[in-house]
Amino acid sequence: MKGPFPEIQGGGSLLLAWQVRTKRILVVGGGEVAAGRIVNILNADAKVTVVSPRAGLNDEVAYRVDQKQVDYIDRKFEPADLDGVDMVLTAVDDIEASTQIYKLCQEKRIPANIADVPPECDFYFGSVHRDGPLQIMVSTNGNGPKLANIVRRQIAASLPYNIGAAVQRVGMLRRKLRKVAPLPEEGPKRMQWMSKVCEQWTLDELCEMTEEDMEALLGFYKPGTVPSLETVRLGEPDGAYDGPFLI
Ligand SMILES: C[C@@]1(CC(=O)O)C2=NC(=C\c3[nH]c(c(CCC(=O)O)c3CC(=O)O)Cc3[nH]c(c(CC(=O)O)c3CCC(=O)O)/C=C3\N/C(=C\2)[C@@H](CCC(=O)O)[C@]3(C)CC(=O)O)/[C@H]1CCC(=O)O
Ligand SMILES: NC(=O)c1ccc[n+]([C@@H]2O[C@H](COP(=O)([O-])OP(=O)(O)OC[C@H]3O[C@@H](n4cnc5c(N)ncnc54)[C@H](O)[C@@H]3O)[C@@H](O)[C@H]2O)c1
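In the numbering used here, the protein residues as written are 13 to 259.
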């Protein structure tokens with residue numbers, strides 16, 4: 013009999029939004045695949061070291077090195093390169109070197125992705141859509157990377173054109189709200205109110221919300237009720253309010 017709880021569907025992977033801002037990531041190799049990996053991890057503000065002989069660098073990786081967007085070691089991988097490293101990504105055209113690096117990473121318990129060698133990956137990459145603070149990742153769990161790319165593009169095409177901007181505005185409003193209602197015990201009410209704003213306002217309204225609108229909206233802050241953008245712009249609480257809820 014089915015229980016009331018979600019059924020477990022094993023065989024997936026754990027999709028996370030890994031915060032690598034303060035982490036050191038070693039990229040082994042400087043070809044086309046490495047170039048793609050480097051974009052992904054620089055977009056996540058990681059500290060990046062690339063190790064690869066200069067002759068093997070493609071134009072994009074050479075550009076990142078010249079611009080000092082990454083630290084660079086001009087030679088083949090050596091085990092000491094793993095010192096102080098939090099994550100390793102390899103993209104080399106040398107299967108034996110890859111396997112050796114993966115084994116060293118396992119010994120040192122450093123999570124590693126060996127490009128295109130699934131059994132030697134602690135985690136896979138996915139196909140990612142990015143629009144400002146919004147990221148959507150599609151994984152087929154190793155079944156069909158090209159299909160992941162196709163699904164990702166289809167999802168992206170179906171999104172409202174301004175969704176990234178809406179997410180960015182909502183983030184700003186949430187930070188401001190936490191200043192207006194900072195107490196931990198206000199958390200549940202604050203969260204309910206924020207959810208209501210997201211549900212009641214259209215995406216277009218969320219996007220066009222200026223900082224002035226946000227300040228005005230927060231002047232109306234009262235758990236359980238959210239005024240319309242129109243009301244906020246009129247600047248006066250409507251009949252439903254017994255005045256701004258000031259903390
Ligand atoms: C999503 C993406 C992210 C990225 O790499 O950034 C990614 N591969 C991408 C493209 C791509 N890779 C390949 C093709 C050729 C067409 C085809 O085979 O379909 C294309 C298509 C293209 O180039 O357009 C070849 C390939 N890839 C892997 C193998 C080995 C194997 O399957 O055994 C082989 C076969 C080699 C061979 O046959 O010899 C393995 C992996 N590739 C993964 C990720 C992980 C699983 C992700 C998932 O299942 O969702 C995993 C397991 C490990 C990893 O590398 O992390 C990126 C698309 C990004 C985008 O465009 O949006
Ligand atoms: N390019 C693709 O679209 C693609 C698609 C599928 C699979 N792959 C696989 O991904 C891997 C990398 O592909 P690529 O296109 O980036 O290769 P590439 O030939 O462009 O680059 C390989 C890089 O590895 C470096 N390298 C080789 N041995 C090294 C070592 N011991 N230490 C440090 N650096 C070393 C080289 O200098 C070069 O920068 C390969 O295994 C390839 O088969 C690539």
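We put the CB at the ideal spot given by N, CA and C, even for glycine. Here the structure is a predicted model, which is why all the values come from computation and not from measurement.
Close Cβ partners of residue i (< 7 Å) along its chain, the five nearest in sequence each way excluded
{"i": "K208", "result": "V238"}
{"i": "M226", "result": "M184, L185 and K188"}
{"i": "Q180", "result": "G144 and P145"}
Residues that DSSP places opposite residue i in a beta bridge
{"i": "S139", "result": "V150"}
{"i": "R36", "result": "K59"}
{"i": "K234", "result": "T237"}
{"i": "I167", "result": "None; I167 has no bridge partner."}
{"i": "C133", "result": "N125"}
Through-space distance from residue j to residue i, alpha-carbon basis
{"i": "L28", "j": "Y136", "result": "11 Å"}
{"i": "G96", "j": "L116", "result": "13 Å"}
{"i": "A177", "j": "T111", "result": "43 Å"}
{"i": "S25", "j": "D71", "result": "33 Å"}
{"i": "R121", "j": "P130", "result": "17 Å"}
{"i": "R190", "j": "S240", "result": "20 Å"}
{"i": "L101", "j": "A127", "result": "7 Å"}
{"i": "E217", "j": "L94", "result": "49 Å"}
{"i": "D57", "j": "L38", "result": "14 Å"}
{"i": "L69", "j": "A47", "result": "9 Å"}
{"i": "V244", "j": "I175", "result": "22 Å"}
Where the beta strand (DSSP E) through residue i begins and ends
{"i": "I122", "result": "Per DSSP, I122 belongs to no beta strand (DSSP E) and is neither H nor E."}
Cutoff 8 Å; reference residue i; Cβ partners in own chain excluding five residues on either side
{"i": "Q204", "result": "P235 and G236"}
{"i": "K88", "result": "V63, S64, P65 and A109"}
{"i": "E223", "result": "M184"}
Where the alpha helix (DSSP H) containing residue i begins and where it ends
{"i": "P196", "result": "Per DSSP, P196 belongs to no alpha helix (DSSP H) and is neither H nor E."}
{"i": "E217", "result": "L215 to E220"}
Neighbourhood of residue i by C-beta, 6 Å cutoff - its chain only, sequence neighbours within 5 removed
{"i": "V82", "result": "V60, V62 and R76"}
Start-end ranges of the alpha helix (DSSP H) lying completely within the region 77-120, minimum 4 residues: If you keep only unbroken alpha helix (DSSP H) runs of at least 4 residues inside the region 77-120, you get 107-120.
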